[in-house]
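Below is one structure, written out as C-alpha coordinates, with a few remarks after it.
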Amino acid sequence: MHHDTALDLEKSFRSHTPGYWKDQGVSMEEWNSHTWQLKNRVTSLKQLEQHLNLSEEERNGVLLSGTKLAMAITPHFFNLIDKDDPDCPIRRQVIPRVEETWVSPYEMADPCGEDSNMPVPGLVHRYPDRVLFLVTDRCASYCRYCTRSRVVSGAGEQELETDYEAVFQYLEKHTEVRDVLLSGGDPLLFSDKKLERILSRLRSIEHIEFVRIGSRVPVFLPQRITPELCSMLQKYHPLFLSVHVNHPRELTLEVKEGLERLANHGVPIGNQSVFLRGVNDDLETMKTLVQKLLLCRVRPYYLYQLDLIKGSSHLQAPVAKGLEIMEGLRGHTTGYAVPQYVIDAPGGGGKVPINPDYIVQRNSERVILRNFEGRTFEYPEPAVTPDPVLDY
(Lines of atoms letter the chains of each structure in order from A and count residues from 1; the text may use other names and numbers.)
(Lines give C-alpha, C1' and ligand atoms only; values in the text may rest on other atoms or scores of the structure.)
Protein backbone atom coordinates (compact mmCIF):
# COMPACT_ATOMS: atom_id res chain seq x y z
CA MET A 1 0.00 0.00 0.00
CA HIS A 2 1.48 3.38 -0.92
CA HIS A 3 1.85 5.82 1.97
CA ASP A 4 -0.73 8.25 0.56
CA THR A 5 -3.25 5.39 0.19
CA ALA A 6 -2.68 4.53 3.86
CA LEU A 7 -3.37 8.14 4.80
CA ASP A 8 -6.53 8.14 2.66
CA LEU A 9 -7.72 4.97 4.41
CA GLU A 10 -7.14 6.54 7.84
CA LYS A 11 -9.11 9.60 6.74
CA SER A 12 -12.00 7.42 5.56
CA PHE A 13 -13.01 6.66 9.18
CA ARG A 14 -15.77 9.25 9.57
CA SER A 15 -18.29 9.92 12.28
CA HIS A 16 -21.90 10.07 11.05
CA THR A 17 -23.51 11.48 14.20
CA PRO A 18 -26.34 12.25 14.51
CA GLY A 19 -27.09 12.72 10.79
CA TYR A 20 -30.82 12.68 9.98
CA TRP A 21 -31.62 12.89 13.71
CA LYS A 22 -29.89 16.29 14.21
CA ASP A 23 -33.05 18.23 13.26
CA GLN A 24 -35.06 16.27 15.82
CA GLY A 25 -32.99 17.68 18.69
CA VAL A 26 -31.35 14.38 19.61
CA SER A 27 -28.55 15.01 22.13
CA MET A 28 -25.14 13.35 21.81
CA GLU A 29 -25.83 11.57 25.09
CA GLU A 30 -28.96 9.98 23.59
CA TRP A 31 -27.18 9.20 20.33
CA ASN A 32 -24.34 7.42 22.16
CA SER A 33 -26.75 5.24 24.14
CA HIS A 34 -27.31 1.78 22.65
CA THR A 35 -30.77 1.62 24.27
CA TRP A 36 -31.76 4.88 22.50
CA GLN A 37 -30.42 3.48 19.21
CA LEU A 38 -32.49 0.29 19.59
CA LYS A 39 -35.66 2.18 20.56
CA ASN A 40 -35.33 4.50 17.57
CA ARG A 41 -34.66 1.96 14.84
CA VAL A 42 -36.17 2.58 11.41
CA THR A 43 -38.90 -0.04 11.05
CA SER A 44 -41.61 1.48 8.83
CA LEU A 45 -42.15 2.59 5.24
CA LYS A 46 -43.15 6.04 6.50
CA GLN A 47 -39.79 6.54 8.24
CA LEU A 48 -37.89 5.41 5.15
CA GLU A 49 -39.86 7.76 2.91
CA GLN A 50 -39.07 10.73 5.17
CA HIS A 51 -35.35 10.34 4.49
CA LEU A 52 -34.80 8.34 1.29
CA ASN A 53 -35.91 8.43 -2.34
CA LEU A 54 -37.24 4.88 -2.47
CA SER A 55 -37.50 2.84 -5.65
CA GLU A 56 -40.69 0.94 -6.48
CA GLU A 57 -38.85 -2.35 -5.78
CA GLU A 58 -37.91 -1.12 -2.31
CA ARG A 59 -41.37 0.25 -1.50
CA ASN A 60 -43.02 -3.05 -2.42
CA GLY A 61 -40.30 -4.98 -0.62
CA VAL A 62 -40.99 -3.08 2.62
CA LEU A 63 -44.74 -3.68 2.34
CA LEU A 64 -44.10 -7.44 2.02
CA SER A 65 -41.21 -7.74 4.50
CA GLY A 66 -43.33 -8.51 7.57
CA THR A 67 -44.06 -12.00 6.25
CA LYS A 68 -40.44 -13.14 5.88
CA LEU A 69 -37.91 -11.10 7.82
CA ALA A 70 -38.73 -7.91 9.69
CA MET A 71 -37.08 -4.64 8.74
CA ALA A 72 -35.12 -2.81 11.44
CA ILE A 73 -32.18 -0.45 10.92
CA THR A 74 -30.32 1.31 13.75
CA PRO A 75 -29.99 5.11 13.34
CA HIS A 76 -26.20 4.67 13.30
CA PHE A 77 -26.30 2.30 10.32
CA PHE A 78 -29.12 4.16 8.61
CA ASN A 79 -26.91 7.28 8.41
CA LEU A 80 -24.52 5.38 6.12
CA ILE A 81 -27.17 5.03 3.40
CA ASP A 82 -26.94 7.23 0.33
CA LYS A 83 -30.48 8.65 0.15
CA ASP A 84 -30.49 9.14 -3.63
CA ASP A 85 -28.63 6.07 -4.84
CA PRO A 86 -30.84 2.98 -5.26
CA ASP A 87 -27.63 0.93 -5.75
CA CYS A 88 -26.05 2.12 -2.48
CA PRO A 89 -24.18 -0.90 -1.02
CA ILE A 90 -25.47 -0.19 2.52
CA ARG A 91 -29.04 0.12 1.32
CA ARG A 92 -28.88 -3.22 -0.55
CA GLN A 93 -28.01 -4.99 2.71
CA VAL A 94 -30.81 -3.71 4.97
CA ILE A 95 -33.71 -2.32 2.92
CA PRO A 96 -36.12 -5.00 1.66
CA ARG A 97 -36.70 -5.35 -2.08
CA VAL A 98 -39.55 -7.04 -3.89
CA GLU A 99 -37.06 -9.60 -5.29
CA GLU A 100 -37.06 -11.20 -1.83
CA THR A 101 -40.46 -12.67 -2.73
CA TRP A 102 -39.02 -14.44 -5.80
CA VAL A 103 -37.85 -17.95 -4.98
CA SER A 104 -35.52 -19.89 -7.30
CA PRO A 105 -35.90 -23.69 -7.44
CA TYR A 106 -32.46 -24.27 -5.83
CA GLU A 107 -33.06 -21.95 -2.84
CA MET A 108 -33.77 -23.36 0.63
CA ALA A 109 -35.24 -22.28 3.97
CA ASP A 110 -32.34 -23.92 5.85
CA PRO A 111 -29.38 -23.95 3.44
CA CYS A 112 -26.83 -25.01 6.08
CA GLY A 113 -28.90 -27.97 7.32
CA GLU A 114 -28.95 -26.68 10.91
CA ASP A 115 -32.41 -27.90 11.91
CA SER A 116 -31.51 -31.52 11.13
CA ASN A 117 -28.36 -31.33 13.29
CA MET A 118 -30.04 -30.02 16.44
CA PRO A 119 -29.84 -32.62 19.24
CA VAL A 120 -31.52 -30.21 21.71
CA PRO A 121 -33.50 -27.03 20.88
CA GLY A 122 -31.11 -24.18 20.07
CA LEU A 123 -27.89 -26.24 19.75
CA VAL A 124 -26.44 -27.29 16.37
CA HIS A 125 -23.83 -30.07 16.55
CA ARG A 126 -22.62 -30.55 12.98
CA TYR A 127 -18.83 -30.74 13.31
CA PRO A 128 -17.03 -33.28 15.58
CA ASP A 129 -15.56 -30.98 18.26
CA ARG A 130 -17.63 -27.79 18.08
CA VAL A 131 -21.19 -26.58 18.40
CA LEU A 132 -23.31 -23.59 17.48
CA PHE A 133 -25.43 -22.25 20.35
CA LEU A 134 -28.33 -20.10 19.09
CA VAL A 135 -29.00 -17.89 22.10
CA THR A 136 -31.55 -15.43 20.62
CA ASP A 137 -33.59 -14.73 17.49
CA ARG A 138 -33.17 -10.91 17.59
CA CYS A 139 -30.59 -8.64 15.94
CA ALA A 140 -29.86 -4.91 16.09
CA SER A 141 -30.65 -4.67 12.35
CA TYR A 142 -31.68 -7.35 9.88
CA CYS A 143 -29.51 -8.31 6.88
CA ARG A 144 -31.79 -9.05 3.94
CA TYR A 145 -29.78 -12.16 2.96
CA CYS A 146 -29.88 -13.72 6.47
CA THR A 147 -29.14 -17.46 6.45
CA ARG A 148 -31.45 -17.88 9.45
CA SER A 149 -34.31 -15.72 8.22
CA ARG A 150 -36.62 -18.71 8.89
CA VAL A 151 -36.18 -18.16 12.65
CA VAL A 152 -34.72 -14.64 13.06
CA SER A 153 -36.74 -11.44 13.79
CA GLY A 154 -40.01 -13.17 14.69
CA ALA A 155 -41.54 -12.69 11.22
CA GLY A 156 -40.41 -15.93 9.55
CA GLU A 157 -42.06 -19.30 9.24
CA GLN A 158 -40.43 -20.86 12.34
CA GLU A 159 -39.79 -19.82 15.91
CA LEU A 160 -36.43 -20.28 17.56
CA GLU A 161 -36.89 -22.31 20.71
CA THR A 162 -33.75 -22.55 22.81
CA ASP A 163 -33.77 -24.73 25.92
CA TYR A 164 -30.77 -23.30 27.80
CA GLU A 165 -30.69 -25.92 30.57
CA ALA A 166 -30.91 -28.79 28.07
CA VAL A 167 -28.06 -27.21 26.07
CA PHE A 168 -25.80 -26.93 29.14
CA GLN A 169 -26.59 -30.52 30.16
CA TYR A 170 -25.85 -31.77 26.63
CA LEU A 171 -22.50 -29.91 26.65
CA GLU A 172 -21.60 -31.31 30.07
CA LYS A 173 -22.18 -34.88 28.80
CA HIS A 174 -20.42 -34.46 25.43
CA THR A 175 -16.76 -34.26 26.33
CA GLU A 176 -15.70 -34.19 22.67
CA VAL A 177 -16.99 -30.59 22.42
CA ARG A 178 -14.12 -28.15 23.00
CA ASP A 179 -15.41 -25.09 21.09
CA VAL A 180 -18.75 -23.26 21.47
CA LEU A 181 -19.90 -20.52 19.10
CA LEU A 182 -22.62 -18.22 20.48
CA SER A 183 -24.79 -16.83 17.73
CA GLY A 184 -28.44 -16.32 16.87
CA GLY A 185 -29.71 -13.56 16.36
CA ASP A 186 -27.05 -11.53 18.07
CA PRO A 187 -25.69 -12.45 21.54
CA LEU A 188 -24.36 -8.92 22.17
CA LEU A 189 -27.93 -7.63 22.38
CA PHE A 190 -28.14 -9.31 25.78
CA SER A 191 -27.39 -7.28 28.89
CA ASP A 192 -23.89 -7.73 30.32
CA LYS A 193 -25.39 -9.69 33.21
CA LYS A 194 -27.34 -12.13 31.01
CA LEU A 195 -24.39 -12.69 28.67
CA GLU A 196 -22.09 -13.25 31.65
CA ARG A 197 -24.44 -15.91 33.05
CA ILE A 198 -24.06 -17.88 29.78
CA LEU A 199 -20.28 -17.39 29.55
CA SER A 200 -19.61 -18.32 33.18
CA ARG A 201 -21.74 -21.47 32.84
CA LEU A 202 -19.84 -22.49 29.69
CA ARG A 203 -16.50 -21.79 31.39
CA SER A 204 -17.52 -24.05 34.29
CA ILE A 205 -17.56 -27.02 31.86
CA GLU A 206 -14.01 -28.34 32.00
CA HIS A 207 -13.60 -29.68 28.45
CA ILE A 208 -14.76 -26.46 26.77
CA GLU A 209 -11.51 -24.76 25.80
CA PHE A 210 -12.65 -22.06 23.46
CA VAL A 211 -15.66 -19.74 23.23
CA ARG A 212 -16.58 -17.59 20.23
CA ILE A 213 -19.27 -14.97 19.73
CA GLY A 214 -20.66 -14.16 16.29
CA SER A 215 -22.00 -10.60 16.21
CA ARG A 216 -22.81 -7.69 13.94
CA VAL A 217 -23.52 -5.41 16.92
CA PRO A 218 -20.06 -3.72 16.78
CA VAL A 219 -21.03 -2.58 13.25
CA PHE A 220 -24.78 -1.94 13.56
CA LEU A 221 -24.65 -0.65 17.13
CA PRO A 222 -21.11 0.37 18.16
CA GLN A 223 -22.57 2.22 21.18
CA ARG A 224 -23.09 -1.23 22.78
CA ILE A 225 -19.33 -1.87 22.97
CA THR A 226 -18.92 -0.20 26.36
CA PRO A 227 -15.84 -0.43 28.61
CA GLU A 228 -18.04 -2.42 31.05
CA LEU A 229 -18.92 -5.02 28.38
CA CYS A 230 -15.25 -5.34 27.36
CA SER A 231 -14.10 -5.80 30.97
CA MET A 232 -16.70 -8.51 31.50
CA LEU A 233 -15.68 -10.39 28.32
CA GLN A 234 -12.03 -10.18 29.36
CA LYS A 235 -12.76 -12.50 32.30
CA TYR A 236 -13.64 -15.42 30.01
CA HIS A 237 -10.56 -15.85 27.82
CA PRO A 238 -9.80 -17.49 25.46
CA LEU A 239 -12.78 -15.70 23.93
CA PHE A 240 -12.83 -14.75 20.24
CA LEU A 241 -15.25 -12.52 18.34
CA SER A 242 -16.36 -12.86 14.72
CA VAL A 243 -17.80 -9.65 13.29
CA HIS A 244 -19.53 -9.16 9.95
CA VAL A 245 -18.50 -6.22 7.74
CA ASN A 246 -19.18 -6.27 4.00
CA HIS A 247 -18.30 -2.78 2.79
CA PRO A 248 -15.60 -0.22 3.79
CA ARG A 249 -18.25 2.45 4.51
CA GLU A 250 -19.46 0.37 7.48
CA LEU A 251 -16.15 1.00 9.27
CA THR A 252 -16.95 4.38 10.81
CA LEU A 253 -14.96 6.11 13.54
CA GLU A 254 -17.36 4.78 16.22
CA VAL A 255 -17.05 1.22 14.89
CA LYS A 256 -13.25 1.49 14.84
CA GLU A 257 -13.19 2.73 18.45
CA GLY A 258 -15.45 -0.12 19.60
CA LEU A 259 -13.32 -2.75 17.83
CA GLU A 260 -10.11 -1.26 19.28
CA ARG A 261 -11.66 -1.33 22.75
CA LEU A 262 -12.42 -5.05 22.38
CA ALA A 263 -8.90 -5.71 21.08
CA ASN A 264 -7.40 -3.75 24.00
CA HIS A 265 -9.25 -6.14 26.34
CA GLY A 266 -7.56 -9.10 24.68
CA VAL A 267 -10.41 -10.19 22.38
CA PRO A 268 -9.03 -11.40 19.02
CA ILE A 269 -11.45 -10.36 16.24
CA GLY A 270 -12.00 -11.97 12.86
CA ASN A 271 -14.28 -10.70 10.10
CA GLN A 272 -16.71 -12.79 8.09
CA SER A 273 -17.87 -11.05 4.92
CA VAL A 274 -20.61 -12.32 2.64
CA PHE A 275 -19.88 -11.94 -1.08
CA LEU A 276 -22.82 -9.84 -2.36
CA ARG A 277 -23.68 -8.52 -5.79
CA GLY A 278 -23.64 -4.73 -5.87
CA VAL A 279 -22.04 -4.53 -2.41
CA ASN A 280 -18.51 -5.93 -2.52
CA ASP A 281 -18.20 -7.84 -5.81
CA ASP A 282 -15.32 -5.79 -7.18
CA LEU A 283 -11.63 -5.91 -6.33
CA GLU A 284 -11.14 -2.26 -5.30
CA THR A 285 -13.99 -2.40 -2.75
CA MET A 286 -12.76 -5.69 -1.30
CA LYS A 287 -9.13 -4.55 -1.10
CA THR A 288 -10.15 -1.32 0.67
CA LEU A 289 -12.35 -3.33 3.05
CA VAL A 290 -9.68 -5.84 4.09
CA GLN A 291 -7.01 -3.15 4.52
CA LYS A 292 -9.38 -0.97 6.55
CA LEU A 293 -10.25 -3.98 8.76
CA LEU A 294 -6.57 -4.42 9.64
CA LEU A 295 -6.45 -0.75 10.71
CA CYS A 296 -9.27 -1.64 13.15
CA ARG A 297 -7.20 -4.63 14.41
CA VAL A 298 -9.58 -7.10 12.78
CA ARG A 299 -8.27 -10.04 10.77
CA PRO A 300 -10.26 -10.84 7.60
CA TYR A 301 -11.23 -14.48 8.26
CA TYR A 302 -13.86 -15.76 5.80
CA LEU A 303 -15.41 -14.51 2.59
CA TYR A 304 -18.64 -16.49 2.24
CA GLN A 305 -20.30 -17.28 -1.05
CA LEU A 306 -23.94 -16.32 -0.40
CA ASP A 307 -25.95 -19.22 1.06
CA LEU A 308 -28.85 -20.36 -1.10
CA ILE A 309 -31.42 -18.74 1.16
CA LYS A 310 -34.94 -18.21 -0.22
CA GLY A 311 -35.36 -14.87 -1.99
CA SER A 312 -31.66 -13.93 -2.22
CA SER A 313 -30.87 -14.47 -5.92
CA HIS A 314 -30.73 -10.68 -6.59
CA LEU A 315 -27.73 -10.52 -4.24
CA GLN A 316 -25.92 -13.58 -5.55
CA ALA A 317 -22.56 -12.96 -7.26
CA PRO A 318 -20.81 -15.64 -9.39
CA VAL A 319 -18.14 -17.87 -7.84
CA ALA A 320 -15.88 -17.06 -10.84
CA LYS A 321 -15.96 -13.40 -9.77
CA GLY A 322 -15.11 -14.34 -6.18
CA LEU A 323 -12.08 -16.33 -7.38
CA GLU A 324 -10.98 -13.39 -9.52
CA ILE A 325 -11.12 -11.11 -6.45
CA MET A 326 -9.15 -13.62 -4.33
CA GLU A 327 -6.52 -13.74 -7.09
CA GLY A 328 -6.36 -9.92 -6.98
CA LEU A 329 -5.72 -9.97 -3.20
CA ARG A 330 -3.20 -12.81 -2.77
CA GLY A 331 0.29 -11.40 -3.30
CA HIS A 332 -1.09 -7.93 -4.04
CA THR A 333 -1.71 -7.03 -0.40
CA THR A 334 -0.65 -8.19 3.07
CA GLY A 335 -1.22 -11.90 3.72
CA TYR A 336 -3.05 -10.99 6.96
CA ALA A 337 -5.59 -9.10 4.82
CA VAL A 338 -6.53 -12.12 2.68
CA PRO A 339 -9.62 -14.03 3.91
CA GLN A 340 -10.38 -17.67 3.06
CA TYR A 341 -13.11 -17.84 0.39
CA VAL A 342 -15.62 -20.59 1.28
CA ILE A 343 -18.89 -22.10 0.15
CA ASP A 344 -21.01 -23.52 2.96
CA ALA A 345 -22.00 -26.67 1.07
CA PRO A 346 -25.79 -26.57 0.52
CA GLY A 347 -27.78 -28.93 2.72
CA GLY A 348 -25.31 -29.06 5.61
CA GLY A 349 -21.98 -30.11 4.07
CA GLY A 350 -20.00 -27.54 6.03
CA LYS A 351 -17.53 -24.92 4.80
CA VAL A 352 -15.50 -25.88 1.72
CA PRO A 353 -12.47 -23.68 0.91
CA ILE A 354 -12.42 -22.33 -2.65
CA ASN A 355 -9.10 -21.06 -4.01
CA PRO A 356 -7.70 -19.98 -7.37
CA ASP A 357 -5.53 -22.73 -8.94
CA TYR A 358 -1.91 -22.02 -8.06
CA ILE A 359 -0.76 -25.62 -8.69
CA VAL A 360 -0.17 -25.93 -12.44
CA GLN A 361 0.99 -29.55 -12.36
CA ARG A 362 1.83 -32.16 -9.74
CA ASN A 363 3.27 -35.65 -9.73
CA SER A 364 5.34 -37.80 -7.37
CA GLU A 365 8.55 -35.97 -8.33
CA ARG A 366 7.64 -32.31 -8.47
CA VAL A 367 5.04 -29.58 -8.09
CA ILE A 368 4.84 -26.78 -10.67
CA LEU A 369 3.51 -23.61 -9.01
CA ARG A 370 2.22 -20.34 -10.40
CA ASN A 371 2.74 -17.18 -8.33
CA PHE A 372 0.64 -14.01 -8.13
CA GLU A 373 2.47 -12.51 -11.13
CA GLY A 374 1.75 -15.55 -13.30
CA ARG A 375 5.37 -16.82 -13.21
CA THR A 376 5.95 -20.55 -12.74
CA PHE A 377 8.28 -22.26 -10.28
CA GLU A 378 9.26 -25.85 -9.61
CA TYR A 379 9.31 -27.43 -6.16
CA PRO A 380 10.78 -30.96 -5.95
CA GLU A 381 8.91 -33.60 -3.96
CA PRO A 382 11.18 -35.45 -1.50
CA ALA A 383 12.11 -38.94 -2.64
CA VAL A 384 10.40 -41.61 -0.55
CA THR A 385 13.18 -43.82 0.82
CA PRO A 386 12.42 -47.30 2.20
CA ASP A 387 13.07 -47.90 5.90
CA PRO A 388 16.66 -49.07 6.46
CA VAL A 389 17.01 -52.81 7.12
CA LEU A 390 18.73 -53.32 10.46
CA ASP A 391 21.34 -56.07 10.37
CA TYR A 392 21.71 -57.63 13.81
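Residue numbers (the numbering used here): 7 to 398.
Glycine included, C-beta positions come from ideal geometry on N, C-alpha and C.
Taking only three categories from DSSP, how would you classify residue i?
{"i": "Met7", "result": "The predicted model places Met7 with a pLDDT of 48, which falls under 50 and marks its position as unreliable, so this point remains unresolved."}
{"i": "Phe19", "result": "coil"}
{"i": "Phe226", "result": "helix"}
{"i": "Leu188", "result": "strand"}
{"i": "Phe216", "result": "strand"}
{"i": "Phe378", "result": "coil"}
{"i": "Ala351", "result": "strand"}
{"i": "Leu58", "result": "coil"}
{"i": "Pro386", "result": "strand"}
{"i": "Thr340", "result": "coil"}
{"i": "Ile79", "result": "strand"}
{"i": "Val48", "result": "strand"}
{"i": "Val296", "result": "helix"}
{"i": "Pro102", "result": "coil"}
Any idea if residue i is buried or exposed, counting beta-carbon neighbours within 10 angstroms, 16 or more meaning buried?
{"i": "Met332", "result": "buried"}
{"i": "Asn252", "result": "buried"}
{"i": "Asn59", "result": "exposed"}
{"i": "Val358", "result": "exposed"}
{"i": "Asn369", "result": "exposed"}
{"i": "Leu69", "result": "exposed"}
{"i": "Gly220", "result": "buried"}
{"i": "Phe84", "result": "buried"}
{"i": "Ala323", "result": "buried"}
Can you check whether the CB of residue j is closer than 8 Å to the CB of residue i?
{"i": "Cys236", "j": "Leu208", "result": "no"}
{"i": "Phe77", "j": "Thr49", "result": "Just to set this straight, residue 77 is Met in the shown sequence, not Phe. Yes, Cβ-Cβ distance for Met77 and Thr49 is below 8 Å."}
{"i": "Glu266", "j": "Arg303", "result": "yes"}
{"i": "Asn403", "j": "Tyr307", "result": "Past the boundaries of the shown model lies residue 403; the chain is included only from 7 to 398, so the question cannot be answered."}
{"i": "Arg65", "j": "Leu44", "result": "no"}
Tell me, which residues are paired with residue i by DSSP?
{"i": "Arg136", "result": "Tyr133 and Asp185"}
{"i": "Gln346", "result": "Tyr308"}
{"i": "Met114", "result": "Ile315"}
{"i": "Leu245", "result": "Val217"}
{"i": "Tyr176", "result": "In DSSP, Tyr176 forms no bridge with anything."}
{"i": "Asn277", "result": "Val249 and Pro306"}
{"i": "Val126", "result": "Leu129"}
{"i": "Pro359", "result": "Val348"}
{"i": "Arg368", "result": "Val373"}
{"i": "Gln322", "result": "Leu282"}
Under 8 Å by Cβ, that's how I've got residue i and residue j pegged, so tell me the actual separation to the nearest angstrom.
{"i": "Val100", "j": "Cys145", "result": "About 11 Å separates the two Cβ atoms, so there is no contact after all."}
{"i": "Thr258", "j": "Leu300", "result": "Their Cβ separation, rounded to whole angstroms, is 16 Å, which puts Thr258 and Leu300 out of contact at 8 Å."}
{"i": "Val280", "j": "Tyr112", "result": "At roughly 18 Å, the Cβ-Cβ gap does not stay under 8 Å, so Val280 and Tyr112 are not in contact."}
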